[in-house]
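Counted from 1, the sequence shown has number 124 at position 124 by full-length UniProt numbering; the numbering is strictly sequential. Just so it is clear, CB atoms sit at the ideal spot from N, CA and C, and this is done for glycine as well. Only one structure is covered here, and it is reproduced in the block below.
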Amino acid sequence: MLSREEMLIALKGWIAAWGRHDFEAVMALFHEDILFEHWNGNRVEGKNDLEDGWSPWFKEHEGFYFIDEDIFVDEVEQKALYRWEFHWPSIEPGFDGEPEVRRGIDVLHFKDGQIIQKLTYSKTVLEISGKRQKLTP
């Protein structure tokens, strides 16, 4: 079981790895039995399958970065909430490559010192080239 301070140190290192686009360091904090739920509802179970899915994404999307908004940590339950702002070249239809800002949260569950669940939620209104756009299904 991680202490609150250990959880914060691990999360800050993990967030920094995202900022460096360091795929191996991002993956290092995930448990072998990770369950990842994407904001679009897709689910991936297991570290190997997550690596297979994310590796091409990391290679194809170099221009992304996160701005941290807040982190909440529950030491007893071994859970954290990470609120972020995500910046990248949009892939939304009709807006390809335009600057996009998406806000959301990750609900993170820890087991054995690693993230065993990453549940990602995103707002349905984005900012693309400075204008608010509602996501379409």
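If you check the beta carbons only, do residue i and residue j fall under 8 Å apart?
i: F58; j: F86; result: no
i: G63; j: W88; result: yes
i: G113; j: L11; result: no
i: I71; j: L8; result: yes
i: V74; j: I15; result: The sequence shown places Asp at residue 74, not Val. No, the pair does not count as a contact, with Cβ atoms beyond the cut-off.
i: E60; j: V101; result: no
i: V44; j: L81; result: no
Rounded to the nearest angstrom, what separates residue i and residue j at their Cα positions?
i: K134; j: Y121; result: 15 Å
i: W84; j: I105; result: 6 Å
i: W39; j: G46; result: 18 Å
i: E5; j: P56; result: 33 Å
i: E32; j: W18; result: 19 Å
i: R103; j: K123; result: 6 Å
i: M27; j: G94; result: 32 Å
i: N42; j: A25; result: 23 Å
i: D96; j: E37; result: 24 Å
i: F66; j: G13; result: 13 Å
Tell me which same chain residues have a C-beta within less than 7 Å of the C-beta of residue i, skipping the five on either side of it?
i: S129; result: E98 and P99
i: R20; result: none
i: F30; result: K47, L50, Q114 and I115
Excluding the 5 residues flanking residue i on each side, which residues of the same chain have their C-beta closer than 6 Å to its C-beta?
i: Q117; result: L35 and H109
i: V125; result: R132 and K134
i: S90; result: E98, E100 and I128
At what residues does the beta strand (DSSP E) containing residue i begin and finish?
i: S122; result: Q114 to S122
i: L108; result: P99 to K111
i: L11; result: Element bounds for L11: not the beta strand (DSSP E) but the alpha helix (DSSP H), R4 to R20.
Just reading off the alpha helix (DSSP H) that residue i is part of, what are its end residues?
i: F58; result: K47 to E60
i: W39; result: Counting along the chain, W39 falls outside any alpha helix (DSSP H), and DSSP gives it neither H nor E.
i: E75; result: Segment: none, E75 is in no alpha helix (DSSP H) and carries neither H nor E.
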